[in-house]
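By the count of my numbering, the sequence shown reaches residue 667 at its end, each step adding exactly one.
All C-beta atoms in this analysis are idealised placements derived from N, C-alpha and C, irrespective of residue type, glycine included.
Below is one structure, written out as structure tokens, with a few remarks after it.
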Amino acid sequence: MAGDCLTLWLEENNVIVSQWQGSTSCANTPTDKQKLQLCHADLYRLLQKIQGLPASPRSLPLEMSVLFNAVICHISATGRIHGEHNNHIAEALVRVLAVGSPGVTEQSSAELWQRVLRGGYAPDMAAPLHRVAGLQGALWLAEEKLQEVHDLISSLLHPEDPACSTHIRAEEKLLAVLRAWRVPSESGERALVVQPVQQLRDVLYTSAAFLQGIRAMEASQLPSAIDLLREAAESLCSSRVLAQMYTCLGFCFQKLEKPQTALQYWKQALQLDFRCLAALHHSAALYRAMGNVEAELEALSLLYKALLSPQPEAASSSTQACFLIGTELIVKAPSLTCAVRSPSPWKVKYLTARSCLASKRGEEAAEHYLDLLALLQDEAHQEDLLPNPDPAPRIPEVFLEAAASLVLEKRWQDAMTVCEEVLGRTAELIPGSLSVDRTQGSPAGIAEQLNCILWASAAHLHQGLSQGLLGDHKEAVTEYTKCINLLVKVQFTNTGAGEEMETDWHSTEEAMLCVLKAAAFLGRGRQFLALGKQKESLVNVQLGLQVSPAFPGAALTRVGLLRTLGRRTEAASYLQRYRGERESLAEQWGALKRDLPLYLDPHIGDPFPAHDSLTGELDESAEEMESEAAV
37 MAGDCLTLWL EENNVIVSQW QGSTSCANTP TDKQKLQLCH ADLYRLLQKI
87 QGLPASPRSL PLEMSVLFNA VICHISATGR IHGEHNNHIA EALVRVLAVG
137 SPGVTEQSSA ELWQRVLRGG YAPDMAAPLH RVAGLQGALW LAEEKLQEVH
187 DLISSLLHPE DPACSTHIRA EEKLLAVLRA WRVPSESGER ALVVQPVQQL
237 RDVLYTSAAF LQGIRAMEAS QLPSAIDLLR EAAESLCSSR VLAQMYTCLG
287 FCFQKLEKPQ TALQYWKQAL QLDFRCLAAL HHSAALYRAM GNVEAELEAL
337 SLLYKALLSP QPEAASSSTQ ACFLIGTELI VKAPSLTCAV RSPSPWKVKY
387 LTARSCLASK RGEEAAEHYL DLLALLQDEA HQEDLLPNPD PAPRIPEVFL
437 EAAASLVLEK RWQDAMTVCE EVLGRTAELI PGSLSVDRTQ GSPAGIAEQL
487 NCILWASAAH LHQGLSQGLL GDHKEAVTEY TKCINLLVKV QFTNTGAGEE
537 METDWHSTEE AMLCVLKAAA FLGRGRQFLA LGKQKESLVN VQLGLQVSPA
587 FPGAALTRVG LLRTLGRRTE AASYLQRYRG ERESLAEQWG ALKRDLPLYL
637 DPHIGDPFPA HDSLTGELDE SAEEMESEAA V
């Protein structure tokens with residue numbers, strides 16, 4: 037009776053597998069997925085029949101083969117590995133052990149495997165056990181259990197195999213045992229399988245190299261990451277996975293400051309798989325770092341269009357077609373590293389807008405920022421808007437950058453409207469006064485209050501500049517005064533017992549506060565000058581210089597005002613001193629400007645009104661004033 041059942045089960049397995057193999061050559065279409073699901077259902081019913089009877093030495097090889105087929109089909113049909121797959125394998129191992137050792141207690145999968153393999157097995161169990169061991173290795177690799185995979189495959193090798201040496205480097209051990217793994221021949225087996233174990237071994241090798249390469253890359257162990265990723269790229273895999281590997285390689289070479297090599301890898305990635313948009317995203321970022329704005333904007337434009345367009349499935353390569361379990365099902369690269377993640381369309385639009393603003397393309401920048409502001413009205417999409425993995429700006433900063441683009445485009449009224457939104461969002465969060473201790477850490481509440489003060493001050497700064505450009509100089513003075521009144525609420529102190537924390541958050545924020553205050557004093561000085569109040573203008577310029585001596589244009593502005601007021605000797609003396617300090621001040625400003633937000637650009641180095649001709653006259657009369665000072 038048992039022999040008859042075994043024959044029937046074998047025939048049923050072979051019919052199911054043959055039907056699958058004869059119906060299609062790949063598993064990427066919805067129809068193929070449905071066929072695989074039916075195949076899995078039939079195989080699982082067959083497995084339940086087999087496991088409905090006590091295990092026997094004769095039935096175990098077939099049972100392991102049917103289990104292998106059922107799990108492979110289910111993983112491929114669903115596109116992911118489930119926890120129940122580990123349970124199915126553990127149950128089968130318990131049945132294997134029960135034949136020779138009845139009453140096996142519950143143990144971990146790793147312990148069950150060690151007991152099965154240490155106990156020895158019949159020759160006809162070799163191929164089925166190696167197959168299921170390979171399947172177990174795939175499940176564990178998907179869970180990043182590299183040590184467990186190494187120990188399992190090592191148990192399949194001869195103890196004297198060189199791959200078992202303890203002198204091999206940690207990152208090479210797993211690859212070494214996978215290379216040394218000699219799977220038994222399946223030619224004499226009567227049970228058909230959906231994927232040969234030799235293929236599964238190759239997939240495990242590629243997956244292990246890729247996974248370890250990603251780990252090394254994320255740990256900034258770049259030379260090791262490059263070796264592992266190249267090893268993976270030379271192994272058997274689909275074009276999609278190979279494109280991901282090339283994207284990661286480009287990422288590594290970018291970190292090693294080899295931009296041309298990085299760009300070549302990203303180009304190859306896109307040629308292999310046009311859906312690998314992370315390569316295009318990284319290319320745009322690298323062009324930005326290289327100062328190639330045209331190439332950056334072109335890449336961002338292509339990326340934005342690609343993200344908005346529905347992407348058809350890429351044609352499967354013959355390699356991928358015959359692998360029901362491939363590397364893409366084991367190594368979920370997008371969840372492991374940002375290097376292969378594509379941004380959302382709105383994140384790309386933000387990067388485009390910011391690049392246009394940085395390169396003074398006012399019209400383009402304003403257009404992109406206004407699109408973003410419209411989206412920001414829908415709070416449900418705010419999480420998707422801001423860029424990742426790049427540091428994400430806060431929403432008020434996006435509004436302030438938009439205002440800066442509108443100022444650049446001479447849409448001053450629109451800029452003020454945008455700034456009103458910032459002031460409305462921050463009004464209730466601004467304290468009456470704020471003390472920031474340089475010797476302390478960064479309490480979240482204080483940091484947020486300081487941010488709100490800085491954002492609101494920048495909004496008033498934009499409004500002051502816009503009002504002045506619209507010709508309403510009195511209102512401009514009022515806006516600049518509001519900016520200054522907000523900034524003087526903040527006091528940086530040293531009340532703690534420790535040393536100043538120079539690298540802490542407040543050092544950057546304090547520098548920004550000083551620049552904002554200097555810009556406000558200088559802006560108010562321009563408005564007083566436009567109103568014919570030269571003395572008030574000079575006072576504000578001097579206050580701006582006290583706050584930030586390196587602020588561009590401030591020193592020469594003071595010289596010009598002194599000269600206009602008839603204080604020529606004082607002007608010449610100050611100019612001579614400034615010339616001696618000019619290089620040092622330029623260095624200070626260069627170091628400071630790197631940390632300043634982009635939305636402050638319209639206020640940096642903004643000259644006094646051209647009709648006063650101050651700057652031109654200064655250059656022409658510098659020697660004359662110095663001569664007068666000498667006399």
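Exposure label - R218; buried when at least 16 CB within 10 Å: Within the sequence shown, the letter at position 182 stands for residue 218. Burial call: exposed.
S112 - DSSP class collapsed to helix/strand/coil: Position 76 of the sequence shown, counting from 1, holds the residue named residue 112. In the structure shown, S112 adopts helical secondary structure according to DSSP, grouped into three states.
C-alpha gap between M281 and Q183, whole angstroms: In the sequence shown, counting from the first residue as 1, residue 281 sits at position 245. In the sequence shown, counting from the first residue as 1, residue 183 sits at position 147. If you take the alpha carbons of M281 and Q183, they lie about 23 Å apart.
Entirely enclosed beta strand (DSSP E) segments - the segment 427-514, minimum 3 residues: Whole beta strand (DSSP E) segments, 3+ residues: 470-473.
Meets three-Cβ-pair contact criterion under 8 Å: the segment 239-249 and the segment 171-179: yes
CB contact flag (L336, C288, <8 Å): Stepping through the sequence shown from its first residue, residue 336 is reached at position 300. Stepping through the sequence shown from its first residue, residue 288 is reached at position 252. In this structure, C288 does not lie closer than 8 Å to L336 by Cβ.
Buried/exposed call for P370, threshold 16 Cβ in 10 Å: In the sequence shown, the residue the question calls residue 370 occupies position 334. Burial call: exposed.
Option in L306, P295, L211 and H317 with minimal Cα separation from L265: For this step, residue 265 is matched to residue 229 along the sequence shown. Ranking L306, P295, L211 and H317 by Cα distance to L265 puts L211 first.
C-beta neighbour in chain C for L344, strict 8 Å: Within the model displayed, chain C is absent; a lone protein chain is all it includes.
Rounded separation between S573 and R562 - CA only: In the sequence shown, the residue the question calls residue 573 occupies position 537. In the sequence shown, the residue the question calls residue 562 occupies position 526. Each residue's Cα considered, the two are about 7 Å apart.
Cα-Cα separation between L333 and Y635, rounded to whole angstroms: Here residue 333 corresponds to residue number 297 of the sequence shown, with the count starting at 1. Here residue 635 corresponds to residue number 599 of the sequence shown, with the count starting at 1. Their Cα atoms are separated by approximately 19 Å.
Per-residue burial, I52 [other beta carbons within 10 Å of its own, 16 or more giving buried]: Stepping through the sequence shown from its first residue, residue 52 is reached at position 16. The residue is buried, with at least 16 neighbouring Cβ atoms inside 10 Å.
Whether L465 touches C488 by CB criterion (8 Å): Stepping through the sequence shown from its first residue, residue 465 is reached at position 429. Stepping through the sequence shown from its first residue, residue 488 is reached at position 452. Taking 8 Å as the Cβ cut-off, L465 and C488 qualify as a contacting pair.
Spatial neighbours of A331 in its chain, beta-carbon cut-off 6 Å, leaving aside the 5 residues before and after: The residue given as residue 331 occupies position 295 in the sequence shown. Answer for A331: Y323, listed in chain order.
Residues that DSSP places opposite V526 in a beta bridge: Within the sequence shown, numbered from 1, the residue matching residue 526 stands at position 490. DSSP, once it has assigned bridges, lists L470 as partnering V526.
With 16 other Cβ atoms within 10 Å as the buried cut-off, status of V107: The sequence position of residue 107 within the sequence shown is 71, counting from 1. Buried, by the Cβ-count rule.
Contacting residues, own chain, Cβ-Cβ under 6 Å from C455 (five flanking each side not counted): Counted from its first residue, the sequence shown places residue 455 at position 419. Counting only Cβ-Cβ distances below 6 Å, and skipping sequence neighbours, we find A439, A495, H498 and Q499.
Member of H124, V132 and G115 whose CA lies at the smallest distance from the CA of P90: Locating residue 90 in the sequence shown gives position 54, counting from the first residue. It is V132 whose Cα lies nearest to the Cα of P90.
Proximity to P585 [Cα-Cα], best of G596, T605 and A547: Here residue 585 refers to the residue found at position 549 when the sequence shown is read from its first residue. Among G596, T605 and A547, the Cα nearest to that of P585 belongs to A547.
Secondary structure, alpha helix (DSSP H): runs of 4+ residues fully inside the segment 309-353: 313-326 and 329-344
Residue burial classification, P379 (beta-carbon count within 10 angstroms, cutoff 16): Counting from one through the sequence shown, the residue named residue 379 turns up at place 343. The residue in question, P379, is buried, as its Cβ has 16 or more Cβ neighbours within 10 Å.
Residue burial classification, S352 (beta-carbon count within 10 angstroms, cutoff 16): Walking along the sequence shown from the start, residue 352 turns up at place 316. Any reading at S352 needs caution, since the residue's pLDDT is 46, under 50, leaving its predicted position unreliable; the model's value is listed next. So S352 counts as buried.
Segment contact flag, the segment 157-175 with the segment 95-102, C-beta cutoff 8 Å, min 3 pairs: yes
Q307 versus P432, G327, P295 and L278, residue with shortest Cα-Cα distance: Here residue 307 refers to the residue found at position 271 when the sequence shown is read from its first residue. Comparing Cα-Cα distances from Q307 to each of P432, G327, P295 and L278, the minimum goes to L278.
Among L592, I482 and R81, nearest to L617 - alpha-carbon criterion: Within the sequence shown, the letter at position 581 stands for residue 617. For the sequence presented, residue 617 should be read as Glu rather than Leu. The candidate whose alpha carbon is nearest that of E617 is L592.
P633 - DSSP class collapsed to helix/strand/coil: For the purposes of this step, residue 633 is identified with residue 597 of the sequence shown, where counting begins at 1. Coil.
C-beta contact flag for K85 and W45 at 8 Å: Locating residue 85 in the sequence shown gives position 49, counting from the first residue. Locating residue 45 in the sequence shown gives position 9, counting from the first residue. Their beta carbons are under 8 Å apart, which means K85 touches W45 by this criterion.
Whether Y340 touches T373 by CB criterion (8 Å): Taking the first residue of the sequence shown as 1, we reach residue 340 at position 304. Taking the first residue of the sequence shown as 1, we reach residue 373 at position 337. In this structure, T373 does not lie closer than 8 Å to Y340 by Cβ.
Contact set for I125: own chain, Cβ-Cβ below 8 Å, skip 5 residues either direction: For the purposes of this step, residue 125 is identified with residue 89 of the sequence shown, where counting begins at 1. Closer than 8 Å at Cβ, skipping near neighbours: L103, V107, S145, V168, L171, Q172 and L175.
Selection from L558, I366 and A320 that minimises the alpha carbon distance to L597: Working through the sequence shown from its first residue, we reach residue 597 at position 561. Checking every option, the nearest Cα to that of L597 belongs to L558.
Residue environment, H186, which counts as buried when at least 16 other CB atoms sit within 10 Å: Taking the first residue of the sequence shown as 1, we reach residue 186 at position 150. When all chains shown are included, H186 counts as buried.
Nearest-angstrom beta carbon gap, Y301 and L285 [assumed within contact, 8 Å]: By 1-based counting over the sequence shown, the position of residue 285 is 249. By 1-based counting over the sequence shown, the position of residue 301 is 265. Sure, about 5 Å apart at Cβ, within 8 Å.
Contact belief for F435 with V472 at Cβ below 8 Å, rounded distance in angstroms: The sequence position of residue 435 within the sequence shown is 399, counting from 1. The sequence position of residue 472 within the sequence shown is 436, counting from 1. Not a contact, Cβ separation roughly 24 Å.
Spatial neighbours of K385 in its chain, beta-carbon cut-off 7 Å, leaving aside the 5 residues before and after: Here residue 385 refers to the residue found at position 349 of the sequence shown. Excluding residues within five positions, the ones whose Cβ falls inside 7 Å are Y340, H404, D407 and L408.
Span separating the alpha-carbon of L579 from that of W625: By one-based count along the sequence shown, residue 579 stands at place 543. By one-based count along the sequence shown, residue 625 stands at place 589. In a straight line, the C-alpha of L579 is about 17 Å away from that of W625.
I520, DSSP secondary structure in three states: Locating residue 520 in the sequence shown gives position 484, counting from the first residue. Three-state result, I520: helix.
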